[in-house]
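*Asks:*
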Amino acid sequence: MLPSFDLYQPQSLGDALQALAKSDEMQPLAGATNLVPDLRGKRETCRSFISLKALDDLRYINREGDRVTVGACTTISDILRDSAMQTDAPALYAAAEIFAGTMVRNAATIGGNICCGSPSADTVPALLTLGAEVTLSSASGERTVPLDEFYVDYKKSVKRADELLTSVSWSIPAVNSVNLFYKLARRKGDAITVTGVAVMIAAQDGVCCSARIALGSVGPTVFRARAAEDLLTGKALDEDLIEQAARTAADQCAPIDDIRASAGYRLQTAFSLTRRLLTQAWKQLA
Amino acid sequence: MNQTDVSPGSTANVNLRQVGKNKPRNDAPTKVYGKAIYAGDFYMEGMLFAKVLHSDRASANIRGVDVSAARALAGVHSVLTAADLTACNSVMTDLPGQTGGGTKDTTQPILAADRVRFHGEPIALIAAETYELAQQALDLIVVDYEDTDGVYDPFDSQKPGAPIVYSDDNIVSAYKIRKGDTEKGFAEADYVLENTFSSQYQEQAFMEPEAAVAWVDEHEILNIRSSTQVVEHFRAVANALGIPHNKVHLQAPYIGGGFGGKEVMTIEVWLALLAMDTKRPVKLIQTRENSFLSHGPRHPFTFTHKTGVTKDGKITAMKIDITSDAGAYAKLSPYILLYATVGATGPYRVDNLWVDSTSAATNNLPACAFRGFGTMQANTACEAQMEELARLIGMDSLELRRKNFIQPGDPNTTGQIIRSSVWSDQCATQALAALGEQPGNSDHLVYGHGLACYQQSYGRIRWMKDTSESWVGLEMDGTLIVRCAVTDIGAGQMSALAQIAGEILGVPMDEVTVYFGDGHVNPLAGTSTASRALYMSGKATELAARAVRDNLLECMARHFEVSPGELDLADSKVFVLDNPERCMSTKEMVKVCAAEGVHRQNLAIFKAPPSEGLDPETGQGEVFPDFTYGAHAAQVSVDIDTGEVTVIKSVGAHDVGQAINLRAVEGQIEGSALMGQGFALSEELILEKGVLKNGSFSEYLMPTSEDVPEIQSIVLESRSGLGPFGSKGIGEPVFAPVAASIVNAVAAAIGTRIFDLPLTPEKVLAAITAKNES
Ligand SMILES: Cc1cc2nc3c(=O)[nH]c(=O)nc-3n(C[C@H](O)[C@H](O)[C@H](O)COP(=O)(O)OP(=O)(O)OC[C@H]3O[C@@H](n4cnc5c(N)ncnc54)[C@H](O)[C@@H]3O)c2cc1C
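As structure tokens, then:
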């Protein structure tokens, strides 16, 4: 049963930040697609929420030069409705396409996906390969943090309790790059990711000039496979190198066994999917 | 994109004007507009709300239940435990309304007294002013448990020294079939193949969880409006409470799905107890989480098949061992085991047959009825074995099937002679053809086609002497009423009766009013289970409508000065067949007939063919009225890097005898395509030492809208069934082959087989890896 809880609905970002500053107990509530199941399942103990529903100024997609900025309350469906996202953030668009199902996509926000801190949050591997930064706002000011430095442990981030995540931004990928995402799950709709892999490969003169690899659901947080990226940077990719990079990425995984899959399966697929996406990306660049 | 083909034979419909046509169901508008009232929608003045405390462990002694704090909470009107039910704490879970011999002990405590045997066993009932208060009270109850050793595997539970859950040996039921000479049969075989197949718990996951309202009315009658497939449980409620049968009024409004999960009583007795204790109406809608614990899911089964076959594909002998996990109470396990036993050889004739089957109790969830009822599990194993046999002898698997399909006039597993048409071959051929070309493999995707046939009974076990009654009457203005207590569980049970009566009496089906689901004001029709509702209630309605028609036409024959056979009824008119200008409106006809005192109503009873049971030593005898035959074919792709399976195309081809409502038939085929896909690939209740670990829709994985393949329905009509207009039962049959076809398609794609369901990506990848290594 859903327990009863208090819900405060501020009409402005300022009011929301004031309320967060004043209270130790209150937590933001956006689309509630994580919070409601967590409340029902007794995993969430908070009983006092600040709804972000009325904060329309947090729901936008802006483009300035090569920078894309997305407000925290932008829904997954909003992203899908913006067809330019297919080129401005190909992996993110791909993640949005296989995200949950239509009903949840209409409510789920990108800010909620980032802030829930789940290692299976599907927008996060994509955003990491885009080199995204998040903006955190509080009554006392604003700061920008690279998403790569946002998570510190399972469901733990550098965000303070009085802060809201207000936006996420990145640079539009260069024309000589390919950005891919694959979600492995037990079914096609409304499924929690078993292994998620995103890659961004840029090439110049037949050489990989930049590589980003991010892995989901294979550790306490989504993470960048830096050692694997380093192997690729500055080289012409081939089967062996890709295989080696995929192995290195898999070595960095620390998956767990749960009712969805074993750790061994996650490791095996983290390897094979990384290899597959790198191969596909390199082929497309050629 | 869904598509339906009807075989050309059937379009040559002789005289049918409504039956078999693509008519919207009568219940469609009220459901589409959200007006239909379900059990949980009822509101009554002064109503209380109930909650049930379910055990959170699977095997424990109860040293005490402290309800003092819960009772003391303001707004709480009743807290009942086993201690309050000293006079009556037992309810029967046997098949309702049967007149034949019962099985072993199928009683179960209403509330656990000194021991809990499974996760979810009810311990206390609460009625309070609100659900929130009831929940608060529930949280205040303290149960003093002492964990005991449980047994969680049906093979372990049969071993000496195993903890005893049921009776004195944990054996809930056992059957055997001894037919022909298996030793000789195996000696004649060129190949003998042995394989073991196992399948998992599956959850019905009906859209509407258990819901009911109960109250005692001004006549001291206990009323229960419940989401049930079986209004005849009023007897079991009365027996449990020790009150007369005619003092319990159980009604079923529209039901949001049952699939067998609402065949045995669920929450009815709990609400009856609370309503009687509080003297107020009491309502309960189970949460989804508790719904997982409030009815029996599909039985896990293990089948070991040993099959002898000649090199030209003739099966010479089969020896089959069957074990099902009954869980902690018997419920319908004995019957489900019987269905699996009779269905063990699928749609094939096997003259040398030896079957041993056992259902054993454990501390797992008590399993119960679920669409397919044991036959489906048996068929899934048998059709996997057929594929493996074909592979072994290097023969096309359809060819192998053709050599062994049972035919009209053949004896089946229990020696019953098949009387209706068997169109297995046509169905299989058409289903496979509809898949088209198999796509070529790509980098990481491999493709496969799979086929499965089946034989599934419709109608209840014959020694239960099943009957159904229906009343049909014409009003003075020419409108038509059907009264029949069939429960409408969402498959169009009500609407089909309108179509049948309307066809026979010439009234458009959407103008027919059907009163259903209430066996105290309508004639009793039996259960909406066992693919029997259309067969039995449809037949009773047909008989009643024909009797009324005969009376009317006899009178009209005098009026038109022709013989009754020269008249027909259609479009709310009576007319002379040769000269339709000579006609009269139904309204006028009724007036004329009424003036002459012609009986314009009829109450008919339809009796299924009875039998006297099986020989216990040989398992020979007549078990079912008849069988439905057909096939399902599937095209899948498998990702060899991840083991993910995608069903691309799913085709059901079935001889339904006669479609009464074509759209309803399609609905059954499409729904079962997905239910079978879930069983094959992703659905599984996961238990750890009896405790359910995934009782929610985020972890129990049914196919979603994103997982729907292209589905095609091919409907063949032999008109050879026992139902109205030659129809056969289809609710369960169309489901029976689906999972097997997908499992076979995966095996074809990856070139190796997985013997335990479901085929999770992880198992598929492991199989691929093992094959590559060997
Ligand atoms: C059926 C179903 C399917 C799902 N499928 C997927 C899927 O495929 N992929 C996937 O990744 N997820 C999935 N989810 C999970 C969920 O939908 C997503 O994580 C979603 O993005 C969460 O966003 P929300 O707006 O609903 O967050 P909420 O539930 O409102 O909040 C989640 C957490 O983030 C915090 N929060 C929210 N917004 C902010 C903010 N702006 N600043 C600071 N903190 C904030 C909240 O306090 C809370 O702790 C699914 C959920 C359901 C119910």
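Heads up: the sequence lines are chains A and B, in that order. Going letter by letter, the first sequence gives residues 1 to 286 in our numbering. Going letter by letter, the second sequence gives residues 1001 to 1774 in our numbering. C-beta: ideal position from N, C-alpha, C; glycine also.
Determine the direct distance from the alpha carbon of Gly117(A) to that of Val145(A), and round the result to whole angstroms.
*Replies:* Between Val145(A) and Gly117(A), the C-alpha separation is close to 15 Å.
*Asks:* Please identify the residue among Asp1325(B), Ser1291(B), Tyr1535(B), Leu1016(B) whose C-alpha is closest to the C-alpha of Asp1303(B).
*Replies:* Sequence inspection shows Phe at residue 1303(B); the Asp mentioned does not correspond to that position. Residue Asp1325(B) is the option with its Cα nearest to Phe1303(B).
*Asks:* Would you report the Cα separation of His1599(B) and Ala1525(B), rounded to the nearest angstrom?
*Replies:* When rounded, the distance between both Cα atoms is 22 Å.
*Asks:* Measure the alpha-carbon distance for Gly1020(B) versus Gln1668(B) and round it to whole angstroms.
*Replies:* Distance between the alpha carbons of Gly1020(B) and Gln1668(B): 15 Å.
*Asks:* For Phe1560(B) and Leu1553(B), I'd like the C-alpha separation in whole angstroms.
*Replies:* Cα to Cα, the separation comes out at about 10 Å.
*Asks:* With H, G and I counted as helix, E and B as strand and the rest as coil, what does DSSP make of Ala1604(B)?
*Replies:* Here Ala1604(B) sits in strand by DSSP.
*Asks:* How is Phe1624(B) classed by DSSP in three states: helix, strand or coil?
*Replies:* Of the three classes helix, strand and coil, the one that applies to Phe1624(B) here is coil, per DSSP.
*Asks:* Smallest Cα separation from Gly1436(B): which of Gly1671(B), Tyr1191(B), Tyr1535(B), Gln1712(B)?
*Replies:* The option with the nearest alpha carbon to Gly1436(B) is Gln1712(B).
*Asks:* Counting contacts by CB-CB distance shorter than 8 Å, is Asp1641(B) in contact with chain A?
*Replies:* Yes - at least one Cβ of chain A is within 8 Å of the one on Asp1641(B).
*Asks:* Ligand 1 and Cys115(A): does any heavy atom of the ligand fall closer than 7 Å to the residue's C-beta?
*Replies:* Checking every heavy atom of ligand 1 against the Cβ of Cys115(A), one is found closer than 7 Å.
*Asks:* Any idea if Thr1011(B) is buried or exposed, counting beta-carbon neighbours within 10 angstroms, 16 or more meaning buried?
*Replies:* Caution applies to Thr1011(B), whose pLDDT of 41 falls short of 50 and renders its modelled position unreliable; the model cannot decide the point.
*Asks:* Since Asp162(A) meets chain B, which of its residues come closer than 8 Å, beta carbon to beta carbon?
*Replies:* Simply none; closest approach about 31 Å.
*Asks:* So, does the region 1603 to 1610 of chain B touch the region 141 to 157 of chain A, judging by three or more C-beta pairs under 8 Å?
*Replies:* With the cut-off at 8 Å, the region 1603 to 1610 of chain B and the region 141 to 157 of chain A do not touch.
*Asks:* Quick one: which unbroken alpha helix (DSSP H) runs of 4-plus residues sit fully inside the region 1125 to 1150 of chain B? Chain order, please.
*Replies:* Entirely contained in the region 1125 to 1150 of chain B, the alpha helix (DSSP H) runs reaching 4 residues are, in chain order, 1131 to 1140.
*Asks:* Our contact map puts Ala1680(B) next to Val1743(B) with C-beta atoms below 8 Å; I'd like the distance itself, whole angstroms only.
*Replies:* With 8 Å as the limit, Ala1680(B) and Val1743(B) qualify as a contact, their Cβ atoms being about 5 Å apart.
*Asks:* If I measure Cβ to Cβ from Asp78(A) and keep anything under 6 Å in the same chain, skipping five residues before and after, which residues do I get?
*Replies:* Excluding sequence neighbours, Asp78(A) sits near nothing in its chain.
*Asks:* Alpha carbon to alpha carbon, what distance is there between Arg1298(B) and Asp1147(B)?
*Replies:* Between Asp1147(B) and Arg1298(B), the C-alpha separation is close to 27 Å.
*Asks:* Is it a yes or a no for the region 1498 to 1505 of chain B touching the region 1017 to 1032 of chain B, going by three-plus beta-carbon pairs under 8 Å?
*Replies:* Touching, per the Cβ criterion.
*Asks:* Can you confirm whether the region 98 to 117 of chain A touches the region 71 to 89 of chain A when touching is taken to mean that 3 or more C-beta pairs between the two stretches lie within less than 8 Å?
*Replies:* In short, these stretches touch, since the Cβ pair count reaches three.
*Asks:* Among Pro1122(B), Ala1039(B), Leu1095(B), which one has its Cα closest to the Cα of Val1079(B)?
*Replies:* When only C-alpha atoms are compared, the closest one is Pro1122(B).
*Asks:* To the nearest angstrom, how far is the alpha carbon of Asp1105(B) from that of Ile1171(B)?
*Replies:* Between Asp1105(B) and Ile1171(B), the C-alpha separation is close to 11 Å.
*Asks:* I'd like to know whether the C-beta of Tyr1131(B) is nearer than 8 Å to at least one C-beta of chain A.
*Replies:* So, interface residue.
*Asks:* For a contact defined as C-beta to C-beta under 8 Å, what are the partners of Ile1686(B) on chain C?
*Replies:* No chain C appears in the structure shown, which is made up of the protein chains A and B.
*Asks:* Give me the Cα-Cα distance between Gln1229(B) and Gln1286(B), rounded to the nearest whole angstrom.
*Replies:* If you take the alpha carbons of Gln1229(B) and Gln1286(B), they lie about 17 Å apart.
*Asks:* State the start and end residues of the unbroken alpha helix (DSSP H) segment that holds Thr195(A).
*Replies:* Where Thr195(A) is concerned, there is no enclosing alpha helix (DSSP H), although the beta strand (DSSP E) it sits in stretches over 195 to 204.
*Asks:* Between the C-alpha atoms of Arg1225(B) and Val1213(B), what's the straight-line distance to the nearest angstrom?
*Replies:* C-alpha separation (whole angstroms): 5 Å.
*Asks:* Determine the burial state of His1245(B): buried for a count of at least 16 other Cβ atoms within 10 Å of its Cβ, exposed for fewer.
*Replies:* Exposed, because fewer than 16 other Cβ atoms sit within 10 Å of the Cβ of His1245(B).
*Asks:* Is there a Cβ of chain A sitting closer than 8 Å to that of Glu1644(B), yes or no?
*Replies:* Yes, contact with chain A.
*Asks:* Considering Cα atoms alone, identify which of Asp153(A), Ala72(A), Thr45(A), Ser177(A) is closest to Gly219(A).
*Replies:* Here the closest residue by C-alpha is Asp153(A).
*Asks:* Against His1444(B), what residues of chain A qualify as contacts under a CB-to-CB distance less than 9 Å, listed in chain order?
*Replies:* The answer, in chain order, is Ser272, Arg276.
*Asks:* Anything in chain A within Cβ reach of Pro1297(B), meaning under 8 Å, just list it in chain order.
*Replies:* What Pro1297(B) touches in chain A: nothing, since even the nearest Cβ is about 16 Å away.
*Asks:* Would DSSP call Val1067(B) helix, strand or coil?
*Replies:* DSSP places Val1067(B) in coil when its eight states are reduced to three.
*Asks:* Label Gln360(A) either buried or exposed according to how many other C-beta atoms from any shown protein chain fall within 10 Å of its C-beta, with 16 as the threshold for buried.
*Replies:* Examination of residue 360(A) is not possible in this model, given that chain A is present from 1 through 286 alone.
*Asks:* Short check: CB of Ser1637(B) to CB of Val1446(B), under 8 Å?
*Replies:* In contact: Ser1637(B) and Val1446(B) (Cβ atoms closer than 8 Å).
*Asks:* Is there a Cβ from chain B that is less than 8 Å from the Cβ of Arg105(A)?
*Replies:* No, Arg105(A) lies away from the interface with chain B (no Cβ there is under 8 Å from its Cβ).
*Asks:* Could you tell me which whole beta strand (DSSP E) segments of length 3 or greater appear in the region 1201 to 1229 of chain B?
*Replies:* 1211 to 1216, 1222 to 1226, all fully within the region 1201 to 1229 of chain B.
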